[in-house]
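Novice: Got a structure here, written out as structure tokens. Questions coming.
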Amino acid sequence: MRTPTITLLAALLSLVGLSSGSALAQDELNLVVPQRGVVITNGVEMSYVDANIDIRDQAATTSLTITLRNTTPRPQEAQLLLPVPNGASVSRFRLEGLPDEGVAKMLPIDEARRIYEDIVRRTRDPGLVEFVGMGLIRTSVFPVPAGGSQVLELTYESVIPADAGRVDYILPRSSSLEATGVEWGIRATLRHRSGLGAIYSPSHELGIERAGDDLATVKVLTPESPGAFRMSFLIAPDDEPAASIIAYPDADGVGGYFMLLAGVPDHANDRPAIKREVTLVLDRSGSMRGEKLEQAKAAALQIIEAMNEGELFNIIDYSDSIESFAERPIEQNSKSVAAARVYLESIKAVGGTNIHDAMLEALRPRPAEGVLPMVLFLTDGLPTVGERRESAIRDAVKDANVHERRIFSFGVGHDVNTPLLSAMSLTSRGAPTFVAPGEDVEVKVGQVFRRLAGPVLASPELAAAGPDGEPAPGVLRDVLPATLPDVFEGDQLIAVGRYENDTNLTFKLSGNYMGKTRVFNFAFDAGSASAKHAYVPRLWAGRKIGVLLEEIRQAGADGVSHSDHLQELTDEVVRLSQEWGILTEYTAWLAAEPTDLARRPQPEREERLRAMSRRVQEDRSGESAVMRDSFNAARQSAGRVDAAGANVYALSAGAELGVVAEGEAKTLALNVQQVADRTLYNTRGRWIEATLLDRDESEPPDQTIDFGSDAYFALASRLANEGRQAILAVRGDVELLIDGQRTLVRGPRS
């Protein structure tokens, strides 16, 4: 029997191509790349990966616990290759049950590249190309007992440079659709001597717990999601907002897309807060009779009691008539709370629903000096009394809100006009919330109000100044959200947009900060824009599509009509959807056959899009309307690109568009991929970059690059320098635009 040392040596020689003799046969080797699974296997499987990350200031320690399972009746050996960020160093490696630490080696860059290329050629699997350009740790795992498991622990350390007050951490993992399927548990502990600001991930949903100004623990809540785990945190200055600009450059090198990530401190409990003035508007129409009304009244009382003494409140209740607790908001104190309790107990459900007059009454009084005025509006039905036209109510509320009250609307049940509630809220720095049948109204309202405790930065606005410090109007374009929301304690602000300048800028964030008008300046180095920040334009495109869809929805108030403006909106939705692979009910045809609708005559194409607009606009209440508005609201405020859910979309006309759907069920398009900063569609038997979809398919490509050739790996190295090498990790043939040339990269042939 060969010793493990001899076996390992032969395996390494075979891997790096240094032996042409009788090295270990490929079918005897279990080659494990945790980010891809077991790429060569003789009965060993990977069952789980546990990642613990500890970041102190800018030093990151990443500890991976990897469980391997042997499905055969004899002991096995595995070779572990772990892609890591360049500059990392191994600090610990051990196997469970063995007394001594083993040897894990960080390979030089050139050797790492040779091994990546050799494995790709031998396995004829392009998956590992995704890690070309990264560092590589190599070690042996022995034994993996027969029919049993072996647990290995490996720790590496790296230094993370700070960029404009922001620290970025990356845990390399596969982002391809052929990901391992193995779950990763990912947790992190963050410490920074200067304090921690906003903590953000563009790739995964995070659960964050803070334990003071400079310590936080983070857990990934979507461990099943593939893709590199990216996390950023801001270094917080003393008791002031922290912000950083992340940018992606346009192809022409002038301007690009930006994301402003900002956070406010939440540790100054004794700081002066912006007082709130809260007007509760409760529906007491006949349909609210019973449990719904009792829950609404309990929610109102809960809010009033939770307010700080000296803050202001009022109660307006409505059906076909309008009543109010006070003529105008009054101070919260023990006496007013007791009176409000009595008033709420007296409210009875009867009559119709006069939304128009109730809202105008809530917006009428001038707020007290120095307060942040809010309206919490609740209804369970459509307008049935007074003004019933949706557009008239929407416009009247907007025009009457001269005091800029924030409107937080709550639609209870499915018999509500969802576009109306969304419009009233989204145009006022508020937000809509929909309470499903059977949900507790009190709990849902309480959850929203608790998030509104202690506004820190009110009425924020974003502008830019040039290198000379003078205002630079017009440099920032398409900033989303167009009206920045108030920032409450513990919140983070994510704004995305475009910038049209190739010089350094200063971003100016102004607003009412803790009761005083302040302006905060954040420097932006145009040279920091990078294709590695591909999530930035995708976030912008997703939010922009959401805004356009909301405009289309609002255009359907009081009946559906077609106009040139509506056509422009739908055309822009289609263009952005195709370019960035962000599918909607308008562009579901891209999931079926990306070139199908694009090839059709223009009149037919326009008629199909108009038909979709009519269906979307007519759907204004009911379960599907609630789902549509909730889905689109999430799109407009999205702060991350989810590799697992990037192409999930709500579909209402699937049968027409050739995509199977059940009602408003979410549908996943498997033949659309968002890879790096490219969108690929599987059509005509190959993956095709979005910009090439309209090319004449009968024309041969300008150049062809074969899998595994020198030109193939030269392209991989070039793309790695740009942060785009994952494009070549896609299985099959891929058609790309390279230096203006239509380039066919041929996948491996059997």
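Residue numbering for the sequence shown follows my numbering, starting at 3 and increasing by one per position.
Backbone N, C-alpha and C fix where the C-beta goes; we use that ideal spot for every residue, glycine too.
All values derive from a computational prediction rather than experimental measurement.
Do L578 and M261 have their C-beta atoms within less than 8 Å of each other?
Specialist: Mapped onto the sequence shown, residue 578 falls at position 576. Mapped onto the sequence shown, residue 261 falls at position 259. Their beta carbons are not under 8 Å apart, which means L578 does not touch M261 by this criterion.
Novice: When the Cα of S532 is compared with those of L362, Q580, I707, L721, which residue comes out closest?
Specialist: Within the sequence shown, residue 532 is the residue found at index 530, counting from 1. Comparing Cα-Cα distances from S532 to each of L362, Q580, I707, L721, the minimum goes to L721.
Novice: Which residues in the same chain have their Cβ closer than 7 Å to the Cβ of A360, if we skip the five residues on either side of it in sequence?
Specialist: Within the sequence shown, residue 360 is the residue found at index 358, counting from 1. Closer than 7 Å at the Cβ level, and outside the excluded window around A360, lie V283, I318, Y320, I324.
Novice: Between Y50, R189, A528, F133, which lies nearest to T63 when the distance is taken from Cα to Cα?
Specialist: As a working note, residue 63 is residue 61 in the sequence shown. Checking every option, the nearest Cα to that of T63 belongs to R189.
Novice: Excluding the five sequence neighbours on either side, which residues of its own chain have a C-beta within less than 6 Å of the C-beta of G641, listed in chain order?
Specialist: Sequence index remark: in the sequence shown, residue 641 carries index 639 (1-based). Within the same chain, G641 has close Cβ partners I496.
Novice: Could you check where the beta strand (DSSP E) with A678 kicks off and where it finishes?
Specialist: Translated into positions along the sequence shown, residue 678 becomes position 676. Run containing A678: none; DSSP gives neither H nor E here.
Novice: Along the chain, which unbroken stretches of the alpha helix (DSSP H) at least 4 residues long are found entirely within the region 430-490?
Specialist: Listed in chain order, the complete alpha helix (DSSP H) runs (minimum 4 residues) inside the region 430-490 are 443-453.
Novice: Pull up the distance between the alpha-carbon of P75 and that of P267, whole angstroms please.
Specialist: For the purposes of this step, residue 75 is taken as the residue at position 73 of the sequence shown. For the purposes of this step, residue 267 is taken as the residue at position 265 of the sequence shown. Each residue's alpha carbon lies about 58 Å from the other.
Novice: With which residues is R189 paired in a DSSP beta bridge?
Specialist: Within the sequence shown, the letter at position 187 stands for residue 189. Looking at the DSSP assignment, R189 forms a beta bridge with N54, K221.
Novice: On the DSSP bridge list, what partners appear for V628?
Specialist: To locate residue 628, count along the sequence shown from 1; it is residue 626. Looking at the DSSP assignment, V628 forms no beta bridge with any residue, so it has no partner.
Novice: The alpha helix (DSSP H) that contains I76, what's its start and end?
Specialist: As a first step, residue 76 is located in the sequence shown; it is residue number 74 there, counting from the start. A quick correction: the sequence has Arg, not Ile, at residue 76. R76 -> no alpha helix (DSSP H), and no H or E assigned at all.
Novice: Applying the 10 Å Cβ sphere with the 16-neighbour rule, what's the burial state of K107?
Specialist: Residue 107 sits at position 105 when you count from the first residue of the sequence shown. With fewer than 16 other Cβ atoms within 10 Å, it is exposed.
Novice: Considering only their Cβ atoms, is the gap separating A731 from G129 smaller than 8 Å?
Specialist: The residue given as residue 129 occupies position 127 in the sequence shown. The residue given as residue 731 occupies position 729 in the sequence shown. Yes; because the gap between Cβ atoms is below 8 Å, this pair is in contact.
Novice: Can you tell me whether D735 is helix, strand or coil according to DSSP?
Specialist: On the sequence shown, position 733 is the one that residue 735 refers to. D735: coil per DSSP, three-state reduction.
Novice: Indicate the three-state DSSP secondary structure (helix, strand or coil) for P128 in the structure shown.
Specialist: Looking up residue 128 in the sequence shown gives position 126. In this structure, P128 counts as helix in the three-state DSSP scheme.
Novice: Restricting to Cα atoms, I'd like to know which of E691, A213, T685 is closest to A678.
Specialist: Numbered from its first residue, the sequence shown carries residue 678 at position 676. Answer by Cα proximity: E691.
Novice: Whole-angstrom Cβ separation of G499 and V481, contact assumed at under 8 Å?
Specialist: Against the sequence shown, residue 499 aligns to sequence position 497. Against the sequence shown, residue 481 aligns to sequence position 479. Sure, about 4 Å apart at Cβ, within 8 Å.
Novice: Can you give me the Cβ contacts of I1 inside the same chain, cut-off strictly under 8 Å, excluding the 5 residues immediately before and after it?
Specialist: Outside the displayed span of the chain (3 to 752) sits residue 1, for which this structure offers no information.
Novice: When burial is assigned at 16 or more other CB atoms within 10 Å of the CB, is R479 buried or exposed?
Specialist: The residue given as residue 479 occupies position 477 in the sequence shown. R479 is exposed by the Cβ-count criterion.
Novice: Report the CB separation of L374 from I248 in whole angstroms; it is logged as a contact under 8 Å.
Specialist: Along the sequence shown, read from residue 1 onward, the residue named residue 374 stands at position 372. Along the sequence shown, read from residue 1 onward, the residue named residue 248 stands at position 246. Not confirmed; about 29 Å, so no contact.
Novice: Near P147, which residues of its chain fall below 7 Å by C-beta distance, leaving aside the five closest residues on each side in sequence?
Specialist: Locating residue 147 in the sequence shown gives position 145, where the first residue counts as 1. Result list for P147: N72, P77, in chain order.
Novice: Are the beta-carbon atoms of I111 and L83 separated by less than 8 Å?
Specialist: Counted from its first residue, the sequence shown places residue 111 at position 109. Counted from its first residue, the sequence shown places residue 83 at position 81. No, the Cβ-Cβ distance between I111 and L83 is not below 8 Å.
Novice: Quick one, are the C-beta atoms of P831 and I349 less than 8 Å apart?
Specialist: The first residue shown for the chain is 3 and the last is 752, placing residue 831 beyond what the model contains.
Novice: On the three-pair Cβ rule with 8 Å, is the region 453-469 touching the region 437-444?
Specialist: Because the criterion of three Cβ pairs below 8 Å is not met, the region 453-469 and the region 437-444 do not touch.
Novice: On the CB-based measure, 16 or more other CB atoms within 10 Å of its CB, does L568 come out buried or exposed?
Specialist: In the sequence shown, residue 568 corresponds to position 566, counting from 1. Burial call: buried.
Novice: Which term fits Q81, buried or exposed, when burial requires 16 or more other beta carbons within 10 angstroms of its beta carbon?
Specialist: Walking along the sequence shown from the start, residue 81 turns up at place 79. Its Cβ being crowded by 16 or more others within 10 Å, Q81 is buried.
Novice: Just confirm the distance between the C-beta atoms of V86 and G150, as a whole number of angstroms; I'd bet it's less than 8 Å.
Specialist: Residue numbering aside, residue 86 sits at position 84 when the sequence shown is read from its first letter. Residue numbering aside, residue 150 sits at position 148 when the sequence shown is read from its first letter. 28 Å between Cβ atoms; not a contact.
Novice: Using CA coordinates, which residue listed in A351, P487, D493, R686 is at the minimum distance from R212?
Specialist: Translated into positions along the sequence shown, residue 212 becomes position 210. R212 has its Cα closest to that of D493, out of A351, P487, D493, R686.
Novice: Say whether chain B places a C-beta atom closer than 8 Å to the C-beta of T125.
Specialist: Of the chains in the structure shown, none is chain B; there is only one protein chain.
Novice: Taking the Cβ atom as the reference point for each residue, do E406 and A455 lie within a distance shorter than 8 Å?
Specialist: Residue 406 sits at position 404 when you count from the first residue of the sequence shown. Residue 455 sits at position 453 when you count from the first residue of the sequence shown. In this structure, A455 does not lie closer than 8 Å to E406 by Cβ.
Novice: Less than 7 Å between C-beta atoms, sequence neighbours within five positions excluded: which residues of the same chain meet that for V161?
Specialist: Against the sequence shown, residue 161 aligns to sequence position 159. Taken in chain order, the residues that qualify are Q60, A61, G89.
Novice: With burial defined as no fewer than 16 other Cβ atoms inside 10 Å of the residue's Cβ, what is the status of T519: buried or exposed?
Specialist: Here residue 519 refers to the residue found at position 517 when the sequence shown is read from its first residue. By the 10 Å Cβ count, T519 comes out exposed.
Novice: So Q37 and S176 are supposed to be a Cβ contact under 8 Å. How far apart are they, rounded?
Specialist: Position 35 of the sequence shown, counting from 1, holds the residue named residue 37. Position 174 of the sequence shown, counting from 1, holds the residue named residue 176. Right, the Cβ-Cβ distance comes to about 5 Å (below 8 Å), so this counts as a contact.
Novice: Give me, in chain order, the residues of the same chain whose beta-carbon lies closer than 7 Å to that of L422; leave out the 5 immediate sequence neighbours on both sides.
Specialist: Residue numbering aside, residue 422 sits at position 420 when the sequence shown is read from its first letter. Within the same chain, L422 has close Cβ partners E392, I395, R396.
Novice: Let me confirm a value: E185 is counted as buried when at least 16 other C-beta atoms fall within 10 Å, else exposed. Which label applies?
Specialist: Locating residue 185 in the sequence shown gives position 183, where the first residue counts as 1. So E185 counts as exposed.
Novice: Measuring only the C-alpha atoms, how far is D735 from E553?
Specialist: What you label residue 735 is simply residue 733 of the sequence shown in a count that begins at 1. What you label residue 553 is simply residue 551 of the sequence shown in a count that begins at 1. Going from the Cα of D735 to the Cα of E553 covers about 39 Å.
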